[in-house]
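**Student:** Here the sequence shown is numbered in full-length UniProt numbering, starting from 1 and rising by one per residue.
The C-beta atom is built at its ideal place from N, Cα and C for all residues, glycine as well.
What follows is a structure written as structure tokens; I'll ask about it next.
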Amino acid sequence: MTARLAVDIGGTFTDVAVEENGRRWTGKVLTTPHAPEEGVLAGVRRVLDEAGLAPGDIALVIHGTTLATNAIIERKGARTALLTTEGFRDVLAMGNEARYDQYDLNIELPQPLVPRRWRLPVPERLDNEGRVLRPLDEEAVRRQVAFLRAEGIESLAIGFLHAFVNPAHERRAAEIVAEMWPELPVSLSSEVSPEMREWERFSTTVANAYVQPLMARYLRRLESGLREAGLSCPLFLMLSGGGLTTLETAARFPIRLVESGPAGGAIFSAHVAKERGFGRVLSFDMGGTTAKVCLIDDYAPQTARHFEVARVGRFKKGSGLPLRIPVIEMVEIGAGGGSLAGVDALGRIQVGPESAGADPGPACYGRGGERPAVTDANLLLGRYDPERFAGGTLRLHPEKARAALAAHVGERLGLAPEMAALGVVEMVDENMANAARVHAIESGKGFEDRVLIAFGGGGPVHATRVAEKIGIRRILVPSGAGVGSAIGFLRAPVAYEVVRSLYQRLARFDVAAVNALLAEAAAEAEAVVAAGSFGQPTRQTRLAYMRYVGQGHEIAVPLPARALTAADVPAIRAAYEAEYARCYDRPVPGSDVEVLSFAVTVSTIPEPVEPAGEVFDAPPPRPARHLAVRDTATGEVADWPVYERDAFTPGAAIAGPAIVAEAETSTLVGRGWRCRMDGLGYLELTQEASR
1 MTARLAVDIG
11 GTFTDVAVEE
21 NGRRWTGKVL
31 TTPHAPEEGV
41 LAGVRRVLDE
51 AGLAPGDIAL
61 VIHGTTLATN
71 AIIERKGART
81 ALLTTEGFRD
91 VLAMGNEARY
101 DQYDLNIELP
111 QPLVPRRWRL
121 PVPERLDNEG
131 RVLRPLDEEA
141 VRRQVAFLRA
151 EGIESLAIGF
161 LHAFVNPAHE
171 RRAAEIVAEM
181 WPELPVSLSS
191 EVSPEMREWE
201 RFSTTVANAY
211 VQPLMARYLR
221 RLESGLREAG
231 LSCPLFLMLS
241 GGGLTTLETA
251 ARFPIRLVES
261 GPAGGAIFSA
271 HVAKERGFGR
281 VLSFDMGGTT
291 AKVCLIDDYA
301 PQTARHFEVA
311 RVGRFKKGSG
321 LPLRIPVIEM
331 VEIGAGGGSL
341 AGVDALGRIQ
351 VGPESAGADP
361 GPACYGRGGE
371 RPAVTDANLL
381 LGRYDPERFA
391 GGTLRLHPEK
401 ARAALAAHVG
411 ERLGLAPEMA
421 ALGVVEMVDE
431 NMANAARVHA
441 IESGKGFEDR
451 VLIAFGGGGP
461 VHATRVAEKI
471 GIRRILVPSG
481 AGVGSAIGFL
491 RAPVAYEVVR
501 SLYQRLARFD
511 VAAVNALLAE
521 AAAEAEAVVA
531 AGSFGQPTRQ
541 TRLAYMRYVG
551 QGHEIAVPLP
561 ARALTAADVP
571 AIRAAYEAEY
581 ARCYDRPVPG
591 SDVEVLSFAV
601 TVSTIPEPVE
611 PAGEVFDAPP
621 PRPARHLAVR
631 DTATGEVADW
641 PVYERDAFTP
651 GAAIAGPAIV
661 AEAETSTLVG
671 RGWRCRMDGL
681 GYLELTQEAS
691 R
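Given below as structure tokens:
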């Protein structure tokens with residue numbers, strides 16, 4: 001068994017990719033929201049048939065999904081309760097008492113996943129060093145569990161104050177629950193997110209409990225379905241932080257899967273950047289439901305220790321539910337091919353975040369959808385061939401797209417359907433460009449000399465216009481771009497991160513205590529990775545999250561992957577001050593530095609990437625056909641030649657305007673752009689002159 005298979009479930013399409021001995025086969029099928037595993041199995045069968053492989057030829061299945069995210073956003077998780085320290089039942093509602101928009105008098109805050117009736121206090125108390133101030137009231141735990149059982153609770157989160165230092169009370173409460181109600185899923189904050197700051201810790205633990213029954217059932221159904229189909233190989237899950245883990249770990253901590261699909265796309269972009277030697281990249285992944293933007297420097301995506309899900313305000317930090325998990329940092333907006341368009345009360349075209357999804361899908365799918373989506377607008381602008389969409393597996397209906405755009409946009413604004421389509425596409429392009437600007441500004445970075453790597457079903461369609469708006473002049477569309485996230489899963493290492501809080505000041509740094517904590521964290525991470533590394537060599541990275549005393553937020557500083565000594569403390573301080581100066585221009589002389597938490601990551605070592613070589617010019621291919629396309633920048637309609645991507649040879653080049661078509665996506669080469677195939681079979685677009 002040498003082949004590996006990857007599956008990415010999106011809101012509209014399920015993508016499948018299979019690789020064996022340097023060859024790759026890919027496919028797209030519509031997602032089946034009522035039972036996602038059905039779409040997965042259908043896609044797997046189709047791709048295996050195309051590749052001529054038997055199920056027994058697959059050595060490993062890697063899977064990523066947005067199901068956990070969607071369950072939280074749509075509030076379709078389990079009936080969840082929270083047991084917490086007496087006096088802290090309202091932490092989820094109070095948050096940190098910050099307002100994400102201080103001038104909005106009618107501000108809407110995200111509602112906790114657990115209503116107050118099911119947030120139940122228990123008498124107990126530890127101090128900040130984990131010493132028992134008040135023993136756990138076990139009878140109170142039993143009374144609360146009996147009440148929750150009568151309420152029909154389906155999952156339980158336990159979050160006690162200072163449990164990240166001493167988990168004894170949480171573990172004892174879990175034992176009592178297991179004695180009284182053994183089938184109830186339980187999430188402990190000391191396991192899910194053992195870090196200080198109780199709001200973030202409780203919120204993450206509750207979110208884990210909220211999606212755990214749903215995800216555990218789904219993962220078991222998927223595993224069973226794959227085995228019945230003859231795939232008896234291991235099943236790995238993509239994590240939000242860019243690593244892979246076992247099914248058992250994923251079922252226990254499903255909150256770490258919330259950004260697993262988008263993480264695969266960032267890994268894909270980073271791998272492509274390394275192949276081409278592009279050190280500064282903007283990853284642009286546009287699928288059927290959302291668009292994702294991620295900055296990649298030195299072949300590594302930006303990462304973070306915090307994430308927000310289900311934001312109430314678009315682009316507004318603090319308007320979502322906080323999660324303390326390792327994530328690849330990116331901006332995600334509702335701007336996919338299925339994003340629905342309409343006109344608001346002020347007469348403005350609005351696109352997303354609501355999506356048509358796979359069922360019924362955009363109006364042009366002919367599956368019952370009546371509201372216009374971005375795909376309808378692209379079709380009406382002439383960008384898609386209705387007979388060849390998705391490799392010819394899905395016939396589009398232009399008349400249904402025209403009727404939907406006329407009814408919901410054109411008639412409201414006095415526009416012909418085609419001009420309404422132009423407005424929808426221009427608005428969605430501006431939304432994506434604005435998301436990229438916000439992400440760069442928040443990261444303190446710019447777009448100078450960056451290459452935009454476009455993928456996903458819609459990324460190559462919208463790439464040139466988005467690039468023009470943000471000032472990027474070079475675009476790369478890799479092979480397999482339509483299923484880029486699934487291919488990214490195949491490039492990801494088996495990895496796991498463990499974070500532990502231990503308050504330290506550098507002036508009195510307890511080396512022995514820190515080494516003991518790091519060793520324990522490393523052992524836990526190594527045990528998880530060993531279950532799926534199959535003997536591959538691994539490496540370990542360590543970080544300390546540090547700040548000046550009195551500073552509000554921490555900065556990550558690398559630590560040596562070995563036992564620390566007293567002699568390391570000055571070097572750690574110097575590394576912190578250098579990183580602080582990079583972020584804030586200069587250090588603060590004379591101020592002590594404190595460490596709040598430590599992180600240890602163990603991962604398999606990826607295979608080295610050979611950079612691509614130069615290729616000589618080759619004759620351009622002949623157009624396969626022509627389409628009448630309306631240019632969104634000028635509004636003009638012209639015949640654009642359509643080339644089949646398979647007809648290109650390395651070194652072949654064409655000038656825009658043109659379309660390069662393939663089974664899973666199309667690349668639009670705008671006016672003033674040139675498209676050339678490189679030695680890897682990737683399409684490189686360069687802007688020849690300002691438009």
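Ignoring anything shorter than 4 residues or poking outside the segment 147-228, list the alpha helix (DSSP H) runs there in chain order.
**Tutor:** Here the runs fully enclosed are 168-180, 189-192, 198-228.
**Student:** Can you tell me the Cα-Cα spacing of valine 47 and valine 16, whole angstroms?
**Tutor:** Going from the Cα of valine 47 to the Cα of valine 16 covers about 7 Å.
**Student:** Could you pull out every residue in the same chain whose Cβ sits closer than 8 Å to the Cβ of asparagine 515, ignoring the five residues on either side in sequence?
**Tutor:** Cβ within range, chain order: Ala563, Leu564.
**Student:** Let's test the definition: count the other Cβ atoms within 10 Å of the Cβ of threonine 393 and tell me whether it reaches 16, buried, or not, exposed.
**Tutor:** Per the 10 Å Cβ criterion, exposed.
**Student:** Are there three or more Cβ pairs, one per stretch, closer than 8 Å when the segment 129-147 is compared with the segment 168-181?
**Tutor:** Output reads yes: the segment 168-181 touches the segment 129-147.
**Student:** Report the start-end ranges of each beta strand (DSSP E) in the segment 525-590 that is 3 residues or longer and not cut off at the edges.
**Tutor:** Complete beta strand (DSSP E) runs here, min 3: 538-548, 555-559.
**Student:** So, are the CB atoms of proline 611 and glycine 277 less than 8 Å apart?
**Tutor:** Yes, Cβ-Cβ distance for proline 611 and glycine 277 is below 8 Å.
**Student:** Would you kindly work out how many angstroms separate the C-alpha atoms of arginine 4 and alanine 335, rounded to a whole number?
**Tutor:** Their backbone Cα atoms lie some 31 Å apart in a straight line.
**Student:** My understanding is that alanine 341 touches alanine 373, with C-beta atoms under 8 Å, so please give their C-beta distance in whole angstroms.
**Tutor:** About 7 Å; that satisfies the 8 Å criterion.
**Student:** Give the single residue among Phe389, Leu323, Ile328, Tyr210 whose Cα lies nearest to the Cα of residue 721.
**Tutor:** Nothing can be reported for residue 721, as the shown portion of the chain is limited to 1 through 691.
**Student:** If you run the structure through DSSP and keep just helix, strand and coil, what is tyrosine 682?
**Tutor:** Correct three-state label for tyrosine 682: coil.
**Student:** Looking at the structure shown, is serine 260 part of a helix, part of a strand, or coil, going by DSSP?
**Tutor:** DSSP places serine 260 in helix when its eight states are reduced to three.
**Student:** Would DSSP call alanine 3 helix, strand or coil?
**Tutor:** DSSP places alanine 3 in strand when its eight states are reduced to three.
**Student:** By a C-beta neighbour count over all protein chains shown, 10 Å radius and 16 as the cutoff for buried, is valine 18 buried or exposed?
**Tutor:** By the 10 Å Cβ count, valine 18 comes out buried.
**Student:** Could you check the C-alpha separation between valine 569 and phenylalanine 236 for me, to the nearest Å?
**Tutor:** Going by the C-alpha atoms only, they are around 39 Å apart.
**Student:** Let me check understanding here. Comparing Cα to Cα, which of Arg625, Asp617, Leu222, Asp127 lies closest to leucine 41?
**Tutor:** Minimum Cα distance to leucine 41 is reached at Leu222.
**Student:** Might you give, ordered along the chain, the residues of its own chain that have their beta carbon closer than 6 Å to the beta carbon of alanine 353, omitting 5 neighbours on each side?
**Tutor:** Inspection of the sequence shows that residue 353 is occupied by proline rather than by alanine. Contacts found: Gly334.
**Student:** Going by beta-carbon coordinates alone, are glycine 242 and glycine 64 separated by less than 8 Å?
**Tutor:** No, these two residues do not count as a Cβ contact at 8 Å.
**Student:** Spatial neighbours of tryptophan 118 within its chain, please: C-beta separation below 6 Å, excluding the five flanking residues on both sides.
**Tutor:** Cβ within range, chain order: Ala81.
**Student:** Going by the CB atoms, is the gap between leucine 231 and isoleucine 9 shorter than 8 Å?
**Tutor:** It is not a contact, given that the beta carbons lie outside the stated cut-off.
**Student:** Opposite glycine 27 in the DSSP bridges: which residues?
**Tutor:** For glycine 27, which the question treats as bridged, DSSP gives the partners Val16.
**Student:** Using only the alpha-carbon positions, how far apart do serine 203 and glycine 152 sit?
**Tutor:** Roughly 21 Å between the two C-alpha positions.
**Student:** Around the Cβ of lysine 400, are there at least 16 other Cβ atoms within 10 angstroms (buried) or fewer (exposed)?
**Tutor:** Label assigned to lysine 400: buried.
**Student:** Given this structure, state the Cα-to-Cα distance separating tyrosine 545 from glutamate 594, to the nearest angstrom.
**Tutor:** Between tyrosine 545 and glutamate 594, the C-alpha separation is close to 9 Å.
**Student:** Under a three-way DSSP split, which group does alanine 401 fall into?
**Tutor:** Helix.
**Student:** What does a CB cutoff of less than 6 Å around alanine 647 pick up in its chain, not counting 5 residues either side in sequence?
**Tutor:** Closer than 6 Å at the Cβ level, and outside the excluded window around alanine 647, lie Pro621.
**Student:** Determine the burial state of glycine 590: buried for a count of at least 16 other Cβ atoms within 10 Å of its Cβ, exposed for fewer.
**Tutor:** Under this definition glycine 590 is an exposed residue.
**Student:** According to DSSP, simplified to helix, strand and coil, what is phenylalanine 489?
**Tutor:** If DSSP states are grouped into helix, strand and coil, phenylalanine 489 belongs with the helices.
**Student:** Quick one: is isoleucine 572 buried, meaning 16 or more other Cβ sit within 10 Å of its Cβ, or exposed?
**Tutor:** Per the 10 Å Cβ criterion, buried.
**Student:** Residues in its own chain within less than 7 Å of alanine 556 by CB, not counting five upstream and five downstream?
**Tutor:** Counting only Cβ-Cβ distances below 7 Å, and skipping sequence neighbours, we find Leu543, Tyr545.
**Student:** Assuming the contact rule is C-beta atoms closer than 8 Å, leucine 83 and leucine 156 should be a hit. Round their C-beta distance to whole Å, please.
**Tutor:** Indeed they touch by this definition, with Cβ atoms about 7 Å apart.
**Student:** Can you grab the Cα-Cα spacing for the pair threonine 246 / valine 529, in whole Å?
**Tutor:** Those two C-alpha atoms are separated by around 8 Å.
**Student:** May I have the straight-line CA-CA distance separating tryptophan 25 from valine 331, to the nearest angstrom?
**Tutor:** Cα to Cα, the separation comes out at about 29 Å.
**Student:** Does threonine 649 pass the burial test, meaning 16 or more other C-beta atoms within 10 Å, or should it be called exposed?
**Tutor:** Result: exposed.
**Student:** Answer with yes or no whether the minimum CB distance from valine 122 to chain E is below 8 Å.
**Tutor:** In the displayed structure, chain E is absent; only one protein chain is listed.
**Student:** Please name the residue in Ile472, Gln111, Trp640 whose C-alpha comes closest to that of leucine 282.
**Tutor:** The shortest C-alpha separation from leucine 282 is found at Ile472.
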